[in-house]
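Heads up: the sequence shown at position 39 corresponds to 281 in my numbering, and the numbers run straight through without jumps. Notes to accompany the following structure.
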Amino acid sequence: MSGSKSTTRIEVKVTPRAKSNRWEWRENRLHLYVTSPPVEGKANEECIRLLSEALGIPRRTIHIARGAKSREKVFTIEGLTFEDIKERLDLS
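Structure below.
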């Protein structure tokens, strides 16, 4: 994870078809659990929606930089530092 006030990159492991949408911090990375299946980008859309709501930022500021077809992804988040993200997701 690295970042400045303009854009932060964060490594995420995604688990589709979960029982509920949630996140947790394990193994020095964010783990997202989404109920959507990994079909036609639905799980990716759900990840962006979940992050957007949890961070209180518009969806348009979150992008998949790497791993669009993988469970291992890198997201870029505009306008927040890594410390801001940790605070908003309560990852202390």
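Note that the Cβ used here is the ideal one computed from N, Cα and C, for glycine as well.
Out of the options, which one is the CA nearest neighbour of residue i?
{"i": "T277", "options": "E287, R271 and N270", "result": "E287"}
{"i": "K261", "options": "H305, L322, K315 and P279", "result": "P279"}
{"i": "R302", "options": "R308, G309 and F317", "result": "F317"}
{"i": "A285", "options": "N270, T257 and R264", "result": "T257"}
{"i": "R259", "options": "I290, E266 and Y275", "result": "Y275"}
{"i": "W265", "options": "L322, R291, T323 and E282", "result": "R291"}
Under 8 Å by Cβ, that's how I've got residue i and residue j pegged, so tell me the actual separation to the nearest angstrom.
{"i": "S312", "j": "I304", "result": "Contact flag wrong, Cβ pair sits at about 17 Å."}
{"i": "L331", "j": "A296", "result": "6 Å"}
From the DSSP output, which residues share a beta bridge with residue i?
{"i": "T277", "result": "Note: T277 sits in no beta bridge, so no partner."}
{"i": "R301", "result": "Per DSSP, none; premise fails for R301."}
{"i": "L293", "result": "Paired residue(s): none; L293 is not in a bridge."}
For this session: Please go through the segment 308-333 and give each complete alpha helix (DSSP H) segment of 4 or more residues, from N-terminal end onward.
Result: 324-330
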